[in-house]
């Protein structure tokens with residue numbers, strides 16, 4: 003599997019929204035690796051565009067100095083959250099320039115680029131063009147801020163040529179998920195696709211267009227090429243051929259149009275296969291408002307890790323927020339989930355299992371299992387199926403919920419079998435049976451929790 007996160011815009015420091023997408027990707031990658039599959043995980047930073055240029059000017063530094071600082075904060079954050087990407091792509095690196103220019107060359111060769119004039123609204127924050135009917139109260143529908151009126155002569159891409167192909171891809175396959183994302187794109191398709199501008203004039207900070215001095219490749223063409231860069235395109239065709247056919251993109255829903263419509267059309271024009279799946283996750287909100295830099299309600303993931311640890315941060319957002327929907331963060335729900343699922347249930351199970359075995363374990367042969375053991379084994383089998391099915395759908399919250407339910411079942415097993423009473427009755431064979439099943443249940447729980455809780459699960463395995 004080739005798994006990617008969005009590449010994050012290097013306009014400011016990372017917040018919990020960036021961490022959320024990357025934690026989900028890392029958890030998915032860890033699960034599939036547990037199943038013996040090969041996964042190549044890529045994340046990175048999107049470092050070009052007029053907004054970056056303006057931020058650097060205000061700070062009296064160069065754009066490169068600014069993005070170097072921001073990229074370093076992202077790269078430093080991932081180990082703290084136990085995120086282990088195979089590759090971190092920066093769009094200012096030479097390898098990416100080669101990738102973007104090769105994509106551009108192929109688009110030119112296909113005949114899908116032509117000169118035209120763009121006139122309309124442009125949001126420098128999200129680097130997106132908008133029609134008047136797409137604006138919210140006259141401003142950007144994502145940021146709510148005024149857009150700029152732009153009139154430029156650019157290179158345009160013939161997106162309209164791919165109308166029927168995209169209707170089939172989006173409407174009749176599982177290419178875009180979840181259903182809410184697919185339906186949103188179908189609505190856009192029903193209105194008819196318009197060709198879009200692929201270059202910017204009067205912008206210096208970007209990859210220059212070979213045929214047009216003074217223009218740079220539009221960020222929503224150039225940045226998308228980072229997914230190709232991540233696995234060696236165009237330099238390492240062997241690596242590219244190994245992973246690209248299994249490409250899965252995890253994205254935020256606000257960039258769905260670029261990934262679900264622009265990107266497959268660009269790839270088809272360039273003679274490249276489309277990804278196998280694009281999954282749009284929802285927004286993290288705080289008191290109902292999207293957590294973002296522009297709204298000023300961001301949550302510093304470093305502070306959460308400092309107070310609660312990386313495992314707690316990973317688990318809370320993936321357990322409580324249905325992946326693909328919005329989810330509201332509150333400090334109370336964070337503490338409640340941490341105490342209930344991790345400290346009280348999983349921590350208690352591992353502690354009880356290891357303590358009881360240390361106290362009552364022996365080399366005595368175990369008796370045959372009885373009904374409580376059969377029920378526990380059945381629960382373990384059901385857990386395997388439930389977790390597998392949930393991860394296939396990227397329903398990470400359902401996978402975590404199933405593991406949590408199994409942990410509670412294992413704790414009930416301890417109370418039902420009461421090994422301390424069996425010791426008092428000198429029923430050593432039955433004690434051996436109960437303790438062996440208890441340790442196996444704790445091991446199973448730790449195994450399936452490993453993608454969510456790398457540290458706690460590893461420690462549990464060590465103790466068991």
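In my numbering, the protein residues as written are 3 to 466.
In this text, a Cβ means the ideal position worked out from N, Cα and C, and glycines have one as well.
Residue i classed as buried or exposed, judged by whether at least 16 other C-beta atoms fall within 10 angstroms
i           : result
residue 170 : exposed
residue 372 : exposed
residue 204 : exposed
residue 294 : buried
residue 283 : buried
residue 335 : exposed
residue 150 : exposed
residue 5   : buried
residue 411 : buried
residue 292 : buried
residue 406 : buried
residue 147 : exposed
residue 364 : exposed
residue 63  : exposed
residue 87  : buried
residue 231 : buried
residue 31  : buried
residue 217 : buried
residue 156 : buried
residue 71  : exposed
residue 309 : exposed
Whole-number beta carbon distance between residue j and residue i, since they are thought to touch under 8 Å
i           : j           : result
residue 311 : residue 322 : Not quite, the Cβ-Cβ distance comes to about 17 Å (not below 8 Å), so this is no contact.
residue 222 : residue 260 : 5 Å
residue 162 : residue 197 : 5 Å
residue 401 : residue 389 : 5 Å
residue 9   : residue 225 : 6 Å
residue 252 : residue 26  : 6 Å
residue 318 : residue 455 : Their Cβ separation, rounded to whole angstroms, is 11 Å, which puts residue 318 and residue 455 out of contact at 8 Å.
residue 119 : residue 153 : 7 Å
Unbroken alpha helix (DSSP H) run spanning residue i, endpoints
i           : result
residue 375 : 373-394
residue 417 : 398-419
residue 339 : 333-339
residue 458 : 456-465
residue 52  : 52-61
residue 43  : Counting along the chain, residue 43 falls outside any alpha helix (DSSP H), though it belongs to the beta strand (DSSP E) covering 42-48.
residue 195 : Unbroken run through residue 195: none, as it is neither H nor E.
residue 163 : Per DSSP, residue 163 belongs to no alpha helix (DSSP H) and is neither H nor E.
residue 288 : Run containing residue 288: none in the alpha helix (DSSP H); it sits in the beta strand (DSSP E), 286-288.
residue 359 : 349-362
residue 235 : From DSSP, residue 235 is part of no alpha helix (DSSP H); its letter is neither H nor E.
residue 81  : 65-82
residue 97  : 96-112
Any non-hydrogen atom of the ligand SAM closer than 7 Å to residue i Cβ
i           : result
residue 320 : Ligands are entirely absent from the displayed structure, and the ligand SAM is therefore not among its contents.
Boundaries of the beta strand (DSSP E) in which residue i is found, first to last residue
i           : result
residue 19  : Here residue 19 belongs to no beta strand (DSSP E); instead the alpha helix (DSSP H) covers 18-36.
residue 153 : 150-159
residue 121 : 115-125
residue 280 : 279-283
residue 90  : 89-92
residue 306 : Unbroken run through residue 306 is the alpha helix (DSSP H), 303-310; no beta strand (DSSP E).
Interface flag, residue i vs chain D, CB-CB below 8 Å
i          : result
residue 44 : Chain labels in this structure do not include chain D; a single protein chain is all it has.
Paired residues, beta bridge with residue i - DSSP
i           : result
residue 11  : 48
residue 5   : 43 and 250
residue 217 : 203
residue 325 : 327
residue 141 : 138 and 148
residue 178 : 280
residue 211 : 214
residue 130 : 125
task: Counting only runs of 4+ residues fully inside the segment 240-273, write out the alpha helix (DSSP H) ranges in chain order.
output: 265-271
task: Output the residue ranges of the alpha helix (DSSP H) runs that lie fully inside the segment 424-452 and measure 4 residues or longer, sorted by chain position.
output: 430-451
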